[in-house]
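Only one structure is covered here, and it is reproduced in the block below.
Numbering (the working numbering), first residue to last: 1475 to 1905.
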């Protein structure tokens, strides 16, 4: 029987650890320490190669090592195994990588040997088997960060997935493609192979983007907290045109889809919750709890898109998957209204005054403000992990998951409150 060819050929590389006496630039050492060890073009070649390579579980007890050809007892320790498409070097400078980025997944040694192996095998088989969409992955890395050459402090294993293709996609499709790839990689990692179901879904621990001109890694990471992302220059067309000649503006569905890709799944910030501890806004006419810097007090606001200089925006009824009105303010403080797939609860003060033109990722969707560092950040929703509890709002009548601080009457300390509230709709008798 003829061997089954893979859709494309792949090359296995190894990266040796830098010796202590190494001098010169890190880039020159990287090129010298990275060597090709195998090529894979078919299913048979893959399994023949795969059986000779160490699994992540092997690294829990010993480091990857390569013996010297001269027979000496000294050996070269290997920091990483890499599998990249044939013709693509495992370097950021390679043309196939220069317009892309990579996802990082960090796993503690306590994750368990079998689980670590399953994560790594799943993503490799999914990539080489061409079942991960969109088809953007250029390479994978297994990075040994567990011990040093002499046996250091146990740390983590890291799995990286590099991707390309941003140069050929317009900004609206870029955002959606990268988000889709992230979701599919996470699901692939989590598949319980023998049981045919999803297990625990590991989340991206780092998202690195590359600037196509400078070819430098963008160090903004989304690790529960990270700097809020500023959109690229060509993101400007995402701002929705506002009809100033009418009192009502139904948003164009073609623009809605682009806007939804830019908008994060918004939620109230921890910063605002601390400023307004113990306060709630239960009047449907003024549903947003916010801070007014002019009055220096917390206030209840209407949704800003209900009255945008006399224009009332609404989401079209024929786009049910993007039915929730949302907003952001650009670098000039101009209000931009659009529709998103998820109900949201957002601070006008953050959007307009502190964090203009700032956006987050689906995994860390909450735009917030770090008062100590005086910078805008992205974080996960506080109610996704409330002392081990994950809250959600499955009732369509109360779809918005709202977080706020209250005061514990006994301890006088902050008490987390997670609650589901009704969607925000403009009162019918107004405007």
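Idealized CB from N, CA, C, for every residue including glycine.
Keep in mind that this is a model prediction, so the values were computed, not measured.
(request) Would you identify the three-state DSSP class for residue 1490, choosing helix, strand or coil? (result) strand
(message) Does residue 1489 pass the burial test, meaning 16 or more other C-beta atoms within 10 Å, or should it be called exposed?
(response) Here residue 1489 is buried, its C-beta having at least 16 other C-beta atoms within 10 Å.
(message) For residue 1896, report the span of its alpha helix (DSSP H) as first-last.
(response) Element bounds for residue 1896: n/a, residue is neither H nor E.
(request) Assign residue 1509 to one of two classes, buried (16 or more other C-beta atoms within 10 Å of its C-beta) or exposed (fewer than that). (result) exposed
(request) Give me whichever residues DSSP pairs with residue 1579 in a beta bridge. (result) Answer is 1633, bridged to residue 1579.
(request) Throw me the rounded Cβ distance for the residue 1636 and residue 1580 pair, which I believe falls under 8 Å. (result) That pair is no contact at about 16 Å.
(request) Say whether the segment 1797-1808 touches the segment 1743-1750, bearing in mind that this needs 3 or more beta-carbon pairs closer than 8 Å, one atom from each stretch. (result) no
(message) Below 8 Å on the Cβ atoms is my contact criterion, and I expect residue 1480 with residue 1511 to pass it. Report the Cβ-Cβ distance as a whole number of Å.
(response) At roughly 18 Å, the Cβ-Cβ gap does not stay under 8 Å, so residue 1480 and residue 1511 are not in contact.
(message) Buried or exposed, going by whether 16 or more other CB atoms sit within 10 Å of the CB of residue 1900?
(response) buried
(request) Check whether the Cβ atoms of residue 1907 and residue 1779 sit closer than 7 Å, and answer yes or no. (result) There is no way to answer for residue 1907, as the model of the chain reaches only from 1475 to 1905.
(message) What would DSSP say about residue 1665, mapped onto helix, strand or coil?
(response) strand
(message) Among the candidates 1895, 1843 and 1813, whose CA atom is the shortest distance from the CA of residue 1827?
(response) 1843
(request) Taking all protein chains shown into account, decide if residue 1656 is buried (16 or more other Cβ within 10 angstroms of its Cβ) or exposed. (result) buried
(request) Could you tell me which residues DSSP puts in a beta bridge with residue 1810? (result) 1802
(message) If contacts are defined as beta-carbon pairs under 8 Å, then residue 1562 and residue 1613 qualify, I think. What distance do you get, rounded to the angstrom?
(response) Cβ-Cβ separation between residue 1562 and residue 1613: approximately 6 Å, consistent with a contact (criterion under 8 Å).
(request) Using a threshold of 7 Å, state whether the C-beta atoms of residue 1454 and residue 1897 are closer than that. (result) Residue 1454 is absent from the structure shown; the chain starts at 1475 and stops at 1905.
(request) Run the CB neighbour count on residue 1665, radius 10 Å, all protein chains shown included, and call it buried at 16 or more, exposed below. (result) buried
(request) Would you grab the beta carbon distance between residue 1651 and residue 1608 for me? Rounded to a whole angstrom, and I think it's under 8 Å. (result) 5 Å
(message) Give me the residue from 1484, 1597, 1895 and 1587 with the minimum Cα distance to residue 1758.
(response) Comparing Cα positions, the closest option is 1895.
(request) Could you give the DSSP three-state label for residue 1756: helix, strand or coil? (result) Correct three-state label for residue 1756: coil.
(request) Please list, in chain order, all residues of the same chain as residue 1857 whose beta carbon is under 7 Å from its beta carbon, the five residues on each side excluded. (result) 1865, 1875, 1877 and 1892
(request) With 7 Å as the threshold, decide whether the Cβ of residue 1877 is near any Cβ in chain D. (result) Given the protein chain composition of this structure (a single chain), no chain D is represented.
(message) Within a Cβ cutoff of 6 Å, which residues of the same chain sit near residue 1596, ignoring the five residues on either side of it in sequence?
(response) 1662, 1663 and 1665
(message) According to DSSP, is residue 1826 part of a helix, a strand, or is it coil?
(response) helix
(request) Can you tell me which of 1591, 1520 and 1832 puts its alpha carbon nearest to the alpha carbon of residue 1528? (result) 1591
(request) Taking only the alpha-carbon atoms, compute the straight-line gap between residue 1526 and residue 1556 and give it to the nearest angstrom. (result) 14 Å
(message) Here's the rule I'm using: 16 or more other beta-carbon atoms within 10 Å means buried, otherwise exposed. How should residue 1522 be labelled?
(response) exposed
(message) Starting from residue 1587, trace the beta strand (DSSP E) in both directions and tell me its first and last residue.
(response) Unbroken run through residue 1587 is the alpha helix (DSSP H), 1587-1602; no beta strand (DSSP E).
(request) With DSSP as the reference, please indicate the residues paired to residue 1865 in a beta bridge. (result) Paired residues: none, contrary to the question.
(message) I'd like to confirm the pairing. Which residues does DSSP put opposite residue 1484 in its beta bridges?
(response) 1514 and 1559
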